[in-house]
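Visitor: Last residue of the sequence shown: 268 in the numbering used here, with the numbers rising by one and none dropped.
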Amino acid sequence: AQLRPKKSWGQNFLRDTHVHQRIAAAAGPLVGQTVLELGAGLGALTGHLRQAGAQVIAVERDRELVPLLRQTFADEPRLTVMEADAKGLDLAALAAAHGPLRVFGNLPYQLSSRILVHLAGACGAVHTAVVLVQREVAERAAAPPGTQAGLLSILLQRRFSVEALFEVPPRAFYPAPKVCSTVLRLRARPPVAAPDAALVWVARAAYAGRRKALRNTLAHACGVSKDAMAALCRSCELDPLARPESLDVAAFARLTCAMQAAGCGP
3 AQLRPKKSWG QNFLRDTHVH QRIAAAAGPL VGQTVLELGA GLGALTGHLR
53 QAGAQVIAVE RDRELVPLLR QTFADEPRLT VMEADAKGLD LAALAAAHGP
103 LRVFGNLPYQ LSSRILVHLA GACGAVHTAV VLVQREVAER AAAPPGTQAG
153 LLSILLQRRF SVEALFEVPP RAFYPAPKVC STVLRLRARP PVAAPDAALV
203 WVARAAYAGR RKALRNTLAH ACGVSKDAMA ALCRSCELDP LARPESLDVA
253 AFARLTCAMQ AAGCGP
């Protein structure tokens, strides 16, 4: 009874060994690499990552599961169990100690977007991430401009190339969720040509008025006239009446640089 999944935490344990194997293989060779597993749960994926030759840091916040993990892997010198919350991990410190991280995890549905944004916020700390998330989150994360693109798309794609790999049906979990899941792969990409904090500010400001034109939302956010903001948009070859979901990361970077040069924004 003590190991029953906690519904309030969004725990759905992945029990399909074939899926575990595919996830562990999706980041390429792991021999000698440091792997960070977020939400190790019962340790099923953890074992596959260790068998792949990785140095594993298994993170779990459930105090009932941590002792079980430590007992299960007591004879594994290259595996460390860390009792911590994935949302608050100091990824930069871990990367400084171990090198760029390969991150894996079956993320709780209600926290997946927040954890993904946390991964993207740690500049240079994450080399690759292979995570299992709700299908709708994966679609938004990987969305190109003009489709289901949203703020999550920009926040992730400014740091990573994002790819949906394969779907996982509800029957692969215990308990079975009511939605389908998707394995998402994030691979670090070169930095975009704009100051990161400023780009994030511009993207958040633009998406605060998702159904409104860039000219309107950004003029309001910056305290300038709509005409002035329209001119800024045109200076970087953007339609002032475009909506934010039509812009890719490169367009947001151009707009950010133009706004900073004009003294607009943060």
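C-beta: ideal position from N, C-alpha, C; glycine also.
Note that the structure is predicted; figures quoted are calculated from it, not measured.
1. Report the option in Ile59, Ala215, Pro146, Leu249 whose CA atom is closest to the CA atom of Gly107.
2. Buried or exposed: Val181, going by 16 or more other Cβ atoms within 10 Å of its Cβ?
3. Given Ala255, which residues of its chain have a CB within under 7 angstroms of its CB, disregarding the five upstream and five downstream residues?
4. Name the DSSP bridge partner or partners of Val1?
5. Can you tell which of Arg63, Phe162, Val33, Arg142 has its C-alpha closest to the C-alpha of Leu51?
6. Report all residues from its chain with a CB closer than 7 angstroms to the CB of His129; omit the five preceding and five following residues, and keep chain order.
7. Looking only at its own chain, which residues have a Cβ that is under 6 angstroms from the Cβ of Arg187, when we skip the five neighbours before and after it?
8. Three-state secondary structure (DSSP) at Phe168?
9. Tell me Leu81's beta-bridge partners as DSSP assigns them.
10. By DSSP, does Phe75 sit in helix, in strand, or in coil?
11. Helix, strand or coil for Thr149, going by three-state DSSP, please let me know.
12. Mapping the DSSP letters down to three states, classify Ser237 as helix, strand or coil.
Guide: Straight from the coordinates:
1. Ile59
2. exposed
3. Val194, Ala195, Ala196, Leu201
4. Nothing can be reported for residue 1, as the shown portion of the chain is limited to 3 through 268.
5. Val33
6. Pro102, Leu103, Arg104, Ala190
7. Ala28, Val132, Glu165, Leu167
8. strand
9. Val58
10. coil
11. coil
12. helix
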